[in-house]
Each structure stands twice: as C-alpha cells, then as structure tokens.
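In terms of the working numbering, the sequence shown opens at residue 569 and continues consecutively. We treat Cβ as the ideally placed atom computed from N, Cα and C, and that holds for glycine. Being a predicted model, the structure only gives us computed values, none of them experimental. Quick notes on the structure that follows.
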Amino acid sequence: MPIGICPMCREEKKLCMSHLLSKKIYPLCRNDEFEPVAVNSQVMRPTVNQTKAYLLCEICEDNLSKNGERITVPLLSRWDGPFPLFDRLVKQKPILATEAMSIYAGADIPEIDVPKLIHFAMGIFWKASVHSFGRGSDRPRIDLGEDSEALRLFLRGEAPLPDHIALAIAVESGPIRFPAMIDPFPGDNPDFRNFFFYVPGMQMQIYIGDKVRESPSAKYCINVNPRAPILLVPLGKDMRGFMAKHSADAYKTEKLLKTTAEIEARGLSVKLGD
Ligand SMILES: [Zn+2]
569 MPIGICPMCR EEKKLCMSHL LSKKIYPLCR NDEFEPVAVN SQVMRPTVNQ
619 TKAYLLCEIC EDNLSKNGER ITVPLLSRWD GPFPLFDRLV KQKPILATEA
669 MSIYAGADIP EIDVPKLIHF AMGIFWKASV HSFGRGSDRP RIDLGEDSEA
719 LRLFLRGEAP LPDHIALAIA VESGPIRFPA MIDPFPGDNP DFRNFFFYVP
769 GMQMQIYIGD KVRESPSAKY CINVNPRAPI LLVPLGKDMR GFMAKHSADA
819 YKTEKLLKTT AEIEARGLSV KLGD
C-alpha cells in the first residue's frame, strides 16, 4: 500500500484502494454470463475494470463503510434477484401517490436507516469531488467547489450537512431494474448546481444553491423534509437514455453488441441506446 495524505483526515497514512462506488455493488450488476457495462464518451464495453484509486486511509474507508455503504448496498437491486429497498418501501402506505410517482416517508420506516442513506450518498459525491479516479487527468470527477470541504466535515461527523445542499433519492418503481452504475455526473437542473449518480435500482441527486430549501422540489428531498421522503419512480428509462446520450458516438465493442443482443433476446430490456 502506498503512503500518502488521506484527503479525509489529512494525515499521512497508508492508503487503501478506494472505490468511487462501493466494491460490493459490482457483483449486483453482473451474473455468470454478463459483465457490467462501463460507459464513457469514447467507449462502451462490458468490463471487469472497476473505478478505484489509492485514496483513503483505512480508518476513513471504515467510516464510509460503517456509516453508509455497509447498510445501503445490501438494499440495492440484484440482477434477477430481490430488491430489498423496494420491498421495504412498498410495505408502507405512500404519503403521496400520483400517476408518475409514489412518495414514501423514510422517517416512518424503521427498516430504512435514513442517516446512513444520506451518508452513503454524500460519501460518493465527496470522493468524486476530490479525485479523478483514473480519468486520464488530475481534475476531480465533479467540481463541488467549497462544498467539498463542507461534505468532508459532514462525513467525519464534525458538522451538519449545509442547508444549501438538498438530496433527492429515487428508487425504481418498475419490474425491470437497470443493472448498471453511473458515476457522479453533473445534472441539468436549470436553477441549481446539480449532480447525480446511479447504482442498481436507486438514483441519488444533490441540488446546491442558497435558495434550495425554498424551491418547490425541496419538499421531495430527504434531508429537507422532516418526513425524509423517498421517491418511487420509473427510473430505468431515464438512466438508459442518459447512457445512450453520453455514449452515442462511443465505439461499442463486439463483446458489448453480443451481450446486448443476448440480453434483449431474453426480454430483459436493458437495450443501450433507445
Ligand atoms: Zn484518513
């Protein structure tokens, strides 16, 4: 293990191999036959490569693990398997249901640990804000400006999450859950700085801005509304659309085209590019 300055505790320590998204998510996106699909603007291919870098010391890795990942990752959707987060939500009555979405009160569901969901999300956004994770440049994946430091303090339990950061959690409502991962990426909200990431069955989005708590959508944000809303929406189409848009010009390897055709033939509908 190399020695370096851990960006979370700022001490010189042995650095672990840290995953941007948790290492334990990768097995959820594959089965015996299909590898996870990696997407960027140049290439789209099944891959066993993982997004990781020597970044955090063991104590800080453990902080992210025990306060977020270890509780949240087992709730995600498994390929052709159970989806515990969905199951725990729909056991309850939604606080609001429209044709487009249902909203559940996370605060009323003892089986869902809301602070750990928030810690998990912020841990991933923060890591993306301090490191490139091998993108071929030194620039971090996302630019959070001074809020990167605010998130660091929050993750260490030294400060509350700032009021101008709102987090929305959306869970797949449909029977087909997109078995993929999308690293933190800038969103297109017109009013606020906005970033999202996707892990199997769940999308997490942050909105950053001084008036974020006054916006109409703030009531759907888990750290703003005291009932800790979690949204159940058809996510898969949007996530597939995003991947298609950002990989339209990408070279698709033969292995990917073959995998996609095989998945399509089985009606799993993870077509990349619709
Ligand atoms: Zn550390």
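Whole-Å CB distance - Pro918 paired with Asn762, under 8 Å assumed: This structure leaves residue 918 out entirely; the chain is present only between 569 and 842.
For Met772 and Val658, the rounded distance between their alpha carbons: A straight line joining the alpha-carbon of Val658 with that of Met772 spans about 19 Å.
Check your reading: residues with Cβ closer than 7 Å to ligand 1 heavy atoms: Result (chain order): Cys574, Met576, Cys577, Glu579, Lys581, Leu624, Cys625, Ile627 and Cys628.
Distance CB(Arg847)-CB(Met576) smaller than 8 Å: Any property of residue 847 remains undetermined from this structure, which presents the chain solely from 569 to 842.
6 Å Cβ shell around Gly841 - same chain, five flanking residues per side excluded: For Gly841, the predicted structure reports a pLDDT of 36, less than 50, and the residue's modelled location is therefore unreliable. A value from the coordinates is still provided. Ala812.
Helix, strand or coil at Lys661 [DSSP, three-state]: When secondary structure is reduced to three states using DSSP, Lys661 falls in the coil class, being assigned neither helix nor strand.
DSSP beta-bridge partners of Gln773: According to DSSP, which records beta bridges pairwise, Gln773 is partnered with Ala736 and Phe764.
CB-CB length for Val792 against Ala734, believed under 8 Å: Right, their Cβ atoms sit about 5 Å apart.
Identity of the residues DSSP links to Met669 by a beta bridge: According to DSSP, Met669 bridges with nothing at all.
CA nearest to the CA of Ile627, picked from Ser741, Leu799 and Leu723: When each option's Cα is compared against that of Ile627, the closest is Leu723.
Those residues which DSSP pairs with Lys592 across a bridge: Paired residues: none, contrary to the question.
Neighbourhood of Glu579 by C-beta distance below 6 Å, restricted to the same chain and skipping five residues each side: The answer is none, since no qualifying residue turns up.
Identity of the residue in Leu685, Leu588 and Lys620 nearest Ile790 by Cα: Closest in C-alpha terms to Ile790, from the list Leu685, Leu588 and Lys620, comes Leu685.
Contact set for Met807: own chain, Cβ-Cβ below 8 Å, skip 5 residues either direction: The residues are Phe746, Ala748, Ile750, Tyr766 and Gln771.
Through-space distance from Ile571 to Asp676, alpha-carbon basis: Computed Cα separation, rounded: 44 Å.
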